[in-house]
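Down below is the structure, laid out as structure tokens.
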């Protein structure tokens, strides 16, 4: 296809649609099991009061299942609309006109920027851009909408919303052996110790931390040891548990689980594209005299390039920094007395403007043409 499809564009709504359908089927099976129990509730051996009590419980259970089915149906419809809109978007792309590549790429660029804004926590800006570009069904605003409050609460030192989310996603989180709920519980325990409420902390640990002992025994033992310390302790094994960074690590862990459960890349697709492009440009030896046209001349791009692999070229290509033309046998490289290399075309052009003298465009030094030496490819 003319456009490379970033997998989250299709996988996010499709996997969500599959989950919604599965949850709906589970609820329907549960409704069937409740209906089958009606025969038992009308057994002759039961009194009228017992039958009424059983029927009342069943009615309550059916009401809960009705609400779940309504929510599942609503999610299913929304995901189906997103799937249809994204498939239609890809189908309508076609081939861009010769002078219409920018307009052809507009929606895709808007999508990448919105995705980056969402990953960066700028939900309102992402929402505004998606509305302006009419791409609401092509981006994953719905995934990040509920996450905003959870992240805000965590940064306000409140785990309540995050724990509610863990309870709602309990089945899916358990499959991934997630550590988020344990870390949230441990942080609430630490806050009780920080406030000096030792008895409440012990009671909390018995109720919420002890079930995790078989999985995270070492971390649990370390957490329990802080009962003997104050929040301003300088003892290195326990000092970090009281630090502010623990809350930011919880935010990162929550995002990690949010992305995993919704098949979203941990980094924005825009960042992945930039890193791939920069890696293709990154040379093994970086020169401070890099051309201004090179993205790696900018410090933000240099920071993005840190840790990325170098570009691999089987055959090197020499580019003249003045004309930006390839230097080859027809346009050989010429070496100035100071070691700078320029193409013969550029040297001759500059010399023609300076009475036969070559003026170095970087240092301003002048030299005779016979001082320029031709370099040869080996």
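Residue numbers (the numbering used here): 99 to 476.
The beta-carbon is built from N, C-alpha and C at its ideal position, and this holds for glycine as well.
Contact between residue 281 and residue 348 holds, with the beta-carbon distance rounding to 6 Å and staying under 8 Å.
Comparing C-alpha distances from residue 182 to each of 112, 163, 279 shows the shortest one belongs to 112. Two segments are said to touch when three or more pairs of C-beta atoms, one from each, lie closer than 8 Å; by this definition the segment 123-131 touches the segment 162-180. If you draw a straight line from the Cα of residue 245 to the Cα of residue 261, it is about 12 Å long. In the three-state DSSP reduction, residue 441 falls in the strand class (E or B). Straight through space, the alpha carbons of residue 298 and residue 323 are spaced by roughly 15 Å. By a beta-carbon distance limit of 8 Å, residue 205 does not contact residue 248. Their separation comes to about 30 Å. In this structure residue 380 is buried. Its beta-carbon is surrounded by 16 or more other beta-carbon atoms within 10 angstroms. Here residue 474 is exposed: its Cβ has fewer than 16 other Cβ atoms, across all protein chains shown, within 10 Å. Put simply, the segment 257-271 does not touch the segment 393-404. Fewer than three CB pairs are less than 8 Å apart. Secondary structure of residue 327 (DSSP, three-state): coil. Beta-bridge pairing by DSSP links residue 431 to 441. Proximity to residue 426 across 287, 212, 177, 416 peaks at 416, based on C-alpha coordinates. CA-to-CA, the gap between residue 305 and residue 288 works out to about 15 Å. The three-state reading of DSSP puts residue 471 in strand, counting E and B together.
CA-CA distance, residue 374 to residue 200, rounds to 21 Å. The Cβ atoms of residue 214 and residue 366 lie closer than 8 Å to each other.
When DSSP states are grouped into helix, strand and coil, residue 448 belongs to the helix group. Per DSSP, residue 396 lies in no beta strand (DSSP E) and is assigned neither H nor E. The Cβ neighbour count for residue 312, taken over all protein chains shown within 10 Å, is under 16; the residue is labelled exposed. Distance between residue 156 and residue 125, taken at the CA atoms: about 14 Å. Note on residue 110: 16 or more other CB atoms within 10 angstroms of its CB, so buried under the neighbour-count rule. Taking C-beta separations shorter than 7 Å and ignoring five residues to either side along the sequence, residue 468 has no partners in its chain. Considering only 369, 327, 108, the residue with the shortest C-alpha distance to residue 188 is 108. No Cβ-Cβ contact shorter than 8 Å links residue 264 with residue 252. Going by DSSP, residue 455 is part of the beta strand (DSSP E) stretching over 455-457.
Looking at the backbone, the Cα of residue 328 and that of residue 115 are separated by about 49 Å.
Just so you know, the alpha carbons of residue 442 and residue 423 end up roughly 10 Å apart. Taking 8 Å as the cut-off, the beta carbon of residue 302 is found no closer than this to the beta carbon of residue 315. Just measuring C-alpha positions, the residue of 439, 457, 358 sitting nearest residue 447 is 457. The beta carbon of residue 174 is closer than 7 Å to those of 115, 118, 119, 122 in its chain, skipping five residues each way along the sequence. The secondary-structure analysis by DSSP pairs residue 464 across a beta bridge with 457. Residue state for residue 417 is assigned as strand, using DSSP reduced to three classes.
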